[in-house]
Each structure stands twice: as C-alpha cells, then as structure tokens.
Amino acid sequence: MLQQQIEKRLHEAFTPEHLEVINESHQHSGPATESHFKVVLVSSAFNDMKLIQRHRAVNEALQDLLGQFHALALHTYTPEEWAKKGAAPASPRCQGGAKRA
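As numbered in the numbering used here, residues 2 to 102 make up the sequence shown, in order.
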C-alpha cells in the first residue's frame, strides 16, 4: 500500500516525533484510491531549515514514489513549532472535476 510506503520512508529519513500520512483521495474526483495525501511531519531534522528546504527534503525522501500519486500536501514542523501550533490546518474541499462529497 502506497500510504505505508510513504510512512516508512518518512520515518527512516526524519525520525519524526509526530507523523500523520492521511489518504484524502476520497475527498477528490477520480477513481484512484491513493491519489491525494496529506502529510503532517514533526521532526528536529527541520530545525534551522526554511519551509522550502523542508519540503525539498521530504520530496527527496519520496522521490521514486512521487509519480505514483497526484497530490501531496505537506505540513512540516519543528517540535517547538508543533508545540505552539498543535494541529495542521484542515484540507480544502476539492475544486476539480466531479467533486465527491
């Protein structure tokens, strides 16, 4: 399962304090069951990294999997940021195709 592969890669690359890989494909149009994912990743590996550097690092860790899904929403935090924020923002509703409720 693709979701499990993503989780495994991110655990190996970042040793996260908190990790959520959420399959949001059901919220989008199309037949794919693993097309849209939301990742909430909290790791001290992100200390001193700008947001774009964090996202590049995640994309690099998942490089050979990126062609297997359509969308990846990344929410990357340091432990300190996560302690202040406590939750990732809600995902927006699908705006394309024949939207599913």
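The beta carbon of each residue, even a glycine, is placed where N, CA and C say it ideally should be. Just so it is clear, the structure is predicted and the values come from calculations on it, not from any experiment.
With 16 other CB atoms within 10 Å as the buried threshold, where does residue i fall?
i	result
THR77	buried
ARG57	exposed
SER45	exposed
ILE53	exposed
ALA91	exposed
HIS71	exposed
ALA88	exposed
ALA102	Residue confidence for ALA102 is low, a pLDDT of 44 falling below 50, so the modelled location carries little weight; the figure read from the coordinates is stated next. The residue is exposed, with fewer than 16 neighbouring Cβ atoms inside 10 Å.
According to DSSP, is residue i helix, strand or coil?
i	result
LEU63	coil
HIS71	coil
ALA58	helix
ALA103	A question about residue 103 goes unanswered here, because the residues of the chain that appear run from 2 up to 102.
If you draw a straight line from the alpha carbon of residue i to that of residue j, how long is it in whole angstroms?
i	j	result
PHE47	VAL40	15 Å
ILE7	LEU63	7 Å
MET50	LEU67	22 Å
ALA84	LEU20	14 Å
VAL22	GLN4	7 Å
THR16	ALA74	19 Å
ASN24	GLU18	20 Å
To which residues does DSSP link residue i through a beta bridge?
i	result
THR77	LEU42
Check your understanding: What residue ranges within the segment 2–51 form continuous beta strand (DSSP E) runs of no fewer than 3 residues, ordered along the chain?
Key -> 19–24, 37–43
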